[in-house]
Amino acid sequence: MKAHTASLINAVILIGFGLWAYLGSETPSKTALIPVGFGAVILSLYKGVKNEDKIVAHVAVLLTLVILAGLVKPLTAAMGRSDGLATVRVSVMIVSTLFALFFFIKSFVDVRRARKLAAQE
1 MKAHTASLIN
11 AVILIGFGLW
21 AYLGSETPSK
31 TALIPVGFGA
41 VILSLYKGVK
51 NEDKIVAHVA
61 VLLTLVILAG
71 LVKPLTAAMG
81 RSDGLATVRV
91 SVMIVSTLFA
101 LFFFIKSFVD
111 VRRARKLAAQ
121 E
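First residue of the sequence shown? That's 1 in UniProt numbering, and the numbers climb one at a time after it.
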């Protein structure tokens, strides 16, 4: 899988699950919309990531790392409340974010290898 596809999947999951958390709650918290915002920005960077724009890809990776760190507190809070559904929602967002990070890192390594091989020829 390519990094742009993994990033797209992650953005859609962040938006969908964030909206689900906000709209599905009896007492919605605006902080549930943070993943939605990050997902929307990451989604807006999709074309640049797909076109292998180095700066856009690095911005997308940075945002992905930030949202990963930002999802830790909601996960621990959901587990502390014994809220199984919230735990699953946040866990899915974390897994999709890790998935996207893996493919970003893989693409960066592949580009570096290709440049190194091209320089040797």
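Glycine included, each C-beta is placed from N, C-alpha and C at the ideal position.
- THR27 counts as exposed, since fewer than 16 other beta carbons sit within 10 angstroms of its beta carbon.
- Here ALA119 is exposed. Its C-beta has fewer than 16 other C-beta atoms within 10 Å.
- With contact defined as three or more Cβ pairs closer than 8 Å, the region 15-30 and the region 86-105 are in contact.
- For PHE104, same chain residues with a beta-carbon under 8 Å away, outside a window of 5 residues either side, are ALA3, ALA6, SER7, ALA57, ALA60, VAL61 and THR64 in chain order.
- When DSSP states are grouped into helix, strand and coil, ASN10 belongs to the helix group.
- GLY80 and THR97 have their C-alpha atoms some 22 Å from each other.
- Residues ALA3, HIS4, SER7, VAL56, ALA57 and ALA60 of the same chain have their beta carbon placed closer than 7 Å to that of VAL49, with the five preceding and five following residues left out of the count.
- Between the C-alpha atoms of VAL109 and MET93 there is a straight-line separation of about 24 Å.
- THR87 sits in a helix when the DSSP states are folded into three classes.
- The closest CA to that of VAL95, considering only SER25, PRO35 and LEU68, is found on LEU68.
- Just measuring C-alpha positions, the residue of ALA78, LEU45, LEU43 and ILE42 sitting nearest ALA32 is ALA78.
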